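*Asks:* Residue numbers (the working numbering): 508 to 844.
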Amino acid sequence: MNSEAVSDSVGDRRIRALMLLSGGLDSRLAVCVLRKQGIEVQGIVFDSPFFDLAPARAASEQLGVPLHVQDFSADILELLNAPRHGFGSCMNPCIDCHARMLRRAGERMRELGCRFICTGEVLDERPMSQNRASLDLVARESGFAEWIVRPLSAGLLPATEPEQRGWVARDALLSLRGRGRKPQLRLAEQFGLREIPPVAGGCRLTEPNFSRRLRDLKDHEGLNGVRSIFLLRYGRHFRLADKVKLIVGRNEQDNAVLDGTAELYELLLQTEDARGPTGLLPNTANEAQVRFACAICARYSDVPPDRTVMIRVRSPRRSWREAVLPVAPEDIEPLRV
Ligand code: SF4
């Protein structure tokens, strides 16, 4: 990135920085460290079906930091389909994801009148994604390496452009390292942060159960849009064939979601003569698959296993009934995703 382009783009004398505000304690502290030296901080957070924005919103409110929400769905889908640096222990392409977020932040930085990007990363706090090599790699791949300040560990890292230009006082930045939380908790007290957010969370791609469903979707149907990803959070999932998956509601909320989001190319299955779940199936399912899906729905109804259950099958074009016996649990366990 052209260095002069940054200084030329900043018309006023205030130093303003753009923080990747995850909402975790580290990013909150990084805001406080920069503000202590008079730097105005704004936050940016990335939205997708995988991320929870609540911690960032809470941090924005706690600190009084304006928060810019950037849609990241297309970015993360692209990275999930072809992660250049692979996945972590689940379906988390952290290196690529982090580099892309830094790039997006760098692209927004100038239009928001900010002079540099900052993050709450702490050197070696996470062995894989926050070691020195990883920090350098994501910075390099973002295209904005020299404009990324990490206030909590800056003393252990090479001086960045904002530090060299005197926009940020390097000696007022910190040299935190490692996994211990004690220094952060002490700092939180010093800065008067009473509400301490939990350590982990916020990204479903690091959850094993969610990742298993996502992997199944990628392998059998592809990651082509956000709706099928949104539905991974609801119901029980059964892979009946390569492009045929049944979703069965576990509770009223699941049933309402399945009912409310069914598309023209899908079948809705509902018990007629007993309380039972809603099922969602693509209309490409063949006759045998539809009957088997009905038997699975019957298995989760209130009807005893030896009694026939009537299931109403509906599509926008037609509706019919299937009388089925509930399937035995051992017959469906291998299909569960
Ligand atoms: S934990 Fe999730 S949001 Fe964070 S870098 Fe990894 S994939 Fe991206």
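Glycine included, C-beta positions come from ideal geometry on N, C-alpha and C. Just so we're clear, the structure is a prediction, and the values are computed from it rather than from any experiment.
(1) How many Å lie between T791 and A763 at the Cα?
(2) Would you tell me roughly how many angstroms separate the C-alpha atoms of L467 and F737, rounded to the nearest one?
(3) If you pair each beta-carbon of the segment 648-666 with each one of the segment 602-614, do three or more pairs fall below 8 Å?
(4) State buried or exposed for M526, treating a residue as buried only when at least 16 other CB atoms are found within 10 Å of its CB.
(5) Put F558 into one of helix, strand or coil per three-state DSSP.
(6) Going by alpha carbons, who is nearest to P573 out of P556, H605 and V538?
(7) Mind reading off the beta-carbon distance from Q796 to T785? Whole number of angstroms is fine, and I expect it under 8 Å.
(8) How would you label R591, buried or exposed, when you count the other beta carbons within 10 angstroms and need 16 or more for buried?
(9) Output needed for C597: all residues of its chain with C-beta closer than 7 Å, excluding positions within five of it in sequence on either side, in chain order.
(10) Using DSSP bridges, identify the partner residues of G550.
(11) Tell me the residue span of the beta strand (DSSP E) that contains S826.
(12) Terminal residues of the continuous alpha helix (DSSP H) containing C539?
(13) Report the rounded CA-to-CA distance for M817 versus G742, giving the unit in angstroms.
(14) Do L846 and L747 have their CB atoms nearer than 7 Å?
(15) Could you spell out the range, first to last residue, of the alpha helix (DSSP H) harbouring H605?
(16) Quick one: what's got a C-beta closer than 6 Å to D761's C-beta in the same chain, skipping five residues either side?
(17) Tell me which residues share the same chain as Q691 and place their Cβ nearer than 7 Å to its Cβ, disregarding the 5 neighbours each side in the sequence.
(18) Looking at the structure shown, is N509 part of a helix, part of a strand, or coil, going by DSSP?
(19) Pick from R821, L642 and E670: whose alpha carbon is nearest that of G627?
(20) Go to Q637, then tell me how far its beta strand (DSSP E) extends in each direction, as first and last residue.
(21) With C-beta atoms as the reference, is E829 less than 7 Å away from C801?
(22) Rounded to the nearest angstrom, what separates D515 and L681 at their Cα positions?
(23) For G732, I'd like the list of residues in its chain whose CB is within less than 6 Å of its CB, leaving aside the five on either flank, ordered along the chain.
(24) If you draw a straight line from the C-alpha of D582 to the C-alpha of G593, how long is it?
(25) State the DSSP-derived secondary structure class of G756, mapped to helix, strand or coil.
(26) Following a CB-centred definition, is H727 positioned closer than 6 Å to any heavy atom of the ligand SF4?
(27) Report the CB separation of L787 from L775 in whole angstroms; it is logged as a contact under 8 Å.
(28) Do R677 and E670 have their C-beta atoms within less than 7 Å of each other?
(29) Can you look up H727 in the DSSP assignment and give me helix, strand or coil?
(30) If we call anything under 7 Å between Cβ atoms a contact, is V844 one with R734?
*Replies:* Looking at the coordinates:
(1) Residue mapping note: residue 791 aligns to position 284 of the sequence shown, counting from 1. Residue mapping note: residue 763 aligns to position 256 of the sequence shown, counting from 1. T791 and A763: Cα-Cα distance of roughly 23 Å.
(2) Absent from the structure is residue 467, since the part of the chain shown begins at 508 and ends at 844.
(3) yes
(4) Indexing the sequence shown from 1 puts residue 526 at position 19. Buried.
(5) Position 51 of the sequence shown holds residue 558. Here F558 sits in strand by DSSP.
(6) Translated into positions along the sequence shown, residue 573 becomes position 66. Out of P556, H605 and V538, V538 has the C-alpha closest to the C-alpha of P573.
(7) As a working note, residue 796 is residue 289 in the sequence shown. As a working note, residue 785 is residue 278 in the sequence shown. Their Cβ separation, rounded to whole angstroms, is 17 Å, which puts Q796 and T785 out of contact at 8 Å.
(8) In the sequence shown, counting from the first residue as 1, residue 591 sits at position 84. Per the 10 Å Cβ criterion, exposed.
(9) The count along the sequence shown starts at 1 and reaches residue 597 at position 90. The answer, listed in chain order, is L712, T713, E714, P715 and S718.
(10) Counting from 1 along the sequence shown, the entry for residue 550 is found at position 43. In DSSP, G550 forms a bridge with M526 and L574.
(11) Looking up residue 826 in the sequence shown gives position 319. Taken as a continuous stretch (DSSP letters only), the beta strand (DSSP E) holding S826 covers S826 to V831.
(12) For the purposes of this step, residue 539 is taken as the residue at position 32 of the sequence shown. Counting along the chain, the alpha helix (DSSP H) containing C539 begins and ends at L532 to K543.
(13) The sequence position of residue 817 within the sequence shown is 310, counting from 1. The sequence position of residue 742 within the sequence shown is 235, counting from 1. In a straight line, the C-alpha of M817 is about 21 Å away from that of G742.
(14) In the structure displayed, the chain extends from 508 to 844; residue 846 sits before or after that span and is not available.
(15) Taking the sequence shown and counting its residues from 1, one reaches residue 605 at position 98. That run of the alpha helix (DSSP H) goes C601 to E618.
(16) Translated into the one-based positions of the sequence shown, residue 761 becomes position 254. Counting only Cβ-Cβ distances below 6 Å, and skipping sequence neighbours, we find Y741 and G742.
(17) As a working note, residue 691 is residue 184 in the sequence shown. L532, D533 and L536, listed in sequence order.
(18) Along the sequence shown, read from residue 1 onward, the residue named residue 509 stands at position 2. No answer about N509 holds up, because its pLDDT of 43 lies below 50 and its placement is not dependable.
(19) Taking the sequence shown and counting its residues from 1, the one referred to as residue 627 is at position 120. Comparing Cα positions, the closest option is L642.
(20) As a working mapping, residue 637 is identified with position 130 in the sequence shown. Q637 -> no beta strand (DSSP E), and no H or E assigned at all.
(21) As a position in the sequence shown, residue 829 is number 322, starting the count at 1. As a position in the sequence shown, residue 801 is number 294, starting the count at 1. Taking 7 Å as the Cβ cut-off, E829 and C801 qualify as a contacting pair.
(22) Taking the first residue of the sequence shown as position 1, residue 515 is located at position 8. Taking the first residue of the sequence shown as position 1, residue 681 is located at position 174. For D515, the pLDDT reaches just 42, beneath the cut-off of 50, and the residue's location in the model is therefore unreliable, although a value from the coordinates is still provided. C-alpha separation (whole angstroms): 29 Å.
(23) As a working mapping, residue 732 is identified with position 225 in the sequence shown. Answer for G732: no residue qualifies.
(24) To locate residue 582, count along the sequence shown from 1; it is residue 75. To locate residue 593, count along the sequence shown from 1; it is residue 86. About 15 Å.
(25) Translated into positions along the sequence shown, residue 756 becomes position 249. G756 falls in the coil class under three-state DSSP.
(26) Walking along the sequence shown from the start, residue 727 turns up at place 220. Not so, every heavy atom of the ligand SF4 lies at least 6 Å from the Cβ.
(27) The residue you call residue 787 lines up with position 280 of the sequence shown. The residue you call residue 775 lines up with position 268 of the sequence shown. 6 Å between Cβ atoms; contact.
(28) Counting from one through the sequence shown, the residue named residue 677 turns up at place 170. Counting from one through the sequence shown, the residue named residue 670 turns up at place 163. Yes, these two residues count as a Cβ contact at 7 Å.
(29) Position 220 of the sequence shown, counting from 1, holds the residue named residue 727. In this structure, H727 counts as helix in the three-state DSSP scheme.
(30) Here residue 844 corresponds to residue number 337 of the sequence shown, with the count starting at 1. Here residue 734 corresponds to residue number 227 of the sequence shown, with the count starting at 1. It is not a contact, given that the beta carbons lie outside the stated cut-off.
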